[in-house]
Amino acid sequence: MYMTGIIWACAATFIAACVPILAKVGTKKTDPALAGSIAGIVLCASIFFYRKDNIMGSSLTALGQRSVIFILLAGLATGLFGICFFKSIHEGYTFQVTAIVKCSYIITLAAGFFLFHNTPDTFDYIAIALMIVGTVILNLDGTGILFALLAAVCASAAHILVSLGEIQLDKGFIAFWCVFIGTLVLIIFTIATGGMKKIRSMSFVDGICLILAGIAYPLAYDFYGRAVSMSGSYAGYIFNLTIIVMMICSSVILKEKVSGKKFLGACIFIAALFVIACN
């Protein structure tokens, strides 16, 4: 049982590492917003497949007006995240963008301090320091940093808005509606910016990669959930190595250059994730 959990964790780590790579390949000849719309539609369908019973068993009408408003706002933030993420992944290296996006943890901690009066502990400060140092080293010569930072802010905003809404429902149900609303935002943005007109230039490979990216994300977390149930915290330790796996895969598949400094930055960033896991 324990070793089976380790295998599930390794599979989850590899699949999660492939998501940004598939997204980047999918934007090679495709408008980033259009790519985000396609991946969002598939992701929405995938989440529904995994959480169908929970989603069908709940209803937005059962929520109060406050909760519905905050879900709508969280969905808007999710859509803005999609716009910024696909723009940044189109311009920059996958592992660099991913590291910056994961810095949403820092923004969420800061918001928790001001909005919910949560006091960060020593582990939080250590994690923040390591995360900042690792990300800076990783992105010394990075591109697409601005949109990656905006994506981190939007990801954090979506999480904070759900917390502010005090929504007492299944996480899968909330995730589905946030992604659904976010995908609508992406589609509207794509149409408004003329992205839909570029659908003819999208190659078959782009389309397949975007579909796979939408399927792979929830699949990775499904595998991770199984790994945790079998091997506990060890699954988390393995999953924290996603950026290293991504770095290796992107250097082989996308020919992204990996220097010693970038590898060091990735290791420092992973150390931050381990500190968070131990907290």
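For the record, in the sequence shown the residue sitting at position 47 is 336 according to this note's numbering, with numbers rising by one throughout. Virtual Cβ for every residue (Gly too), placed ideally from N, Cα, C.
query = What do you get for S490, buried or exposed, if any count of 16 or more other CB atoms within 10 angstroms of its CB means buried?
reply = As a working note, residue 490 is residue 201 in the sequence shown. That one is exposed.
ask   = Roughly how far, in whole angstroms, is the beta-carbon of A440 from the beta-carbon of V390, given that I think they are within contact range, below 8 Å?
value = Residue 440 sits at position 151 when you count from the first residue of the sequence shown. Residue 390 sits at position 101 when you count from the first residue of the sequence shown. Yes, they are in contact, since the Cβ atoms of A440 and V390 sit about 5 Å apart, within 8 Å.
query = Quick one: what does DSSP say I467 is sitting in, helix, strand or coil?
reply = Looking up residue 467 in the sequence shown gives position 178. The question names Ile, but residue 467 in the sequence shown is Cys. Three-state result, C467: helix.
inquiry  = Is the beta carbon of I372 closer than 8 Å to that of L499?
reply    = Here residue 499 refers to the residue found at position 210 of the sequence shown. Here residue 372 refers to the residue found at position 83 of the sequence shown. Their beta carbons are not under 8 Å apart, which means L499 does not touch I372 by this criterion.
task = Sort S393, P409, N343 by Cα distance to N568 and report the nearest one.
result = For this step, residue 568 is matched to residue 279 along the sequence shown. Ranking the options by Cα distance to N568, first place goes to P409.
task = Check the C-beta distance from L398 over to A560 and give it rounded, since I have them as a contact under 8 Å.
result = Residue 398 sits at position 109 when you count from the first residue of the sequence shown. Residue 560 sits at position 271 when you count from the first residue of the sequence shown. Rounded, the Cβ-Cβ distance is 17 Å, inconsistent with contact.
query = Can you tell which of A400, E380, S452, F563 has its C-alpha closest to the C-alpha of I434?
reply = Taking the sequence shown and counting its residues from 1, one reaches residue 434 at position 145. The shortest Cα separation from I434 among A400, E380, S452, F563 belongs to E380.
ask   = What's the C-alpha gap between M485 and G294?
value = Stepping through the sequence shown from its first residue, residue 485 is reached at position 196. Stepping through the sequence shown from its first residue, residue 294 is reached at position 5. When rounded, the distance between both Cα atoms is 43 Å.
inquiry  = Considering only their Cβ atoms, is the gap separating L365 from I470 smaller than 8 Å?
reply    = As a first step, residue 470 must be located in the sequence shown, where it is residue number 181. As a first step, residue 365 must be located in the sequence shown, where it is residue number 76. For I470 and L365, yes; Cβs fall inside 8 Å.
key: Whole-angstrom C-beta distance between M536 and W297, which should lie under 8 Å   = As a first step, residue 297 is located in the sequence shown; it is residue number 8 there, counting from the start. As a first step, residue 536 is located in the sequence shown; it is residue number 247 there, counting from the start. That belief does not hold up - the Cβ atoms of W297 and M536 are roughly 22 Å apart, past 8 Å.
request  = May I have the straight-line CA-CA distance separating Y510 from S393, to the nearest angstrom?
outcome  = For this step, residue 510 is matched to residue 221 along the sequence shown. For this step, residue 393 is matched to residue 104 along the sequence shown. Between Y510 and S393, the C-alpha separation is close to 19 Å.
ask   = For C556, does the three-state DSSP call read helix, strand or coil?
value = Counting from one through the sequence shown, the residue named residue 556 turns up at place 267. The answer is helix: DSSP assigns C556 an H, G or I state.
inquiry  = Within a Cβ cutoff of 6 Å, which residues of the same chain sit near F412, ignoring the five residues on either side of it in sequence?
reply    = Along the sequence shown, read from residue 1 onward, the residue named residue 412 stands at position 123. V564, N568.
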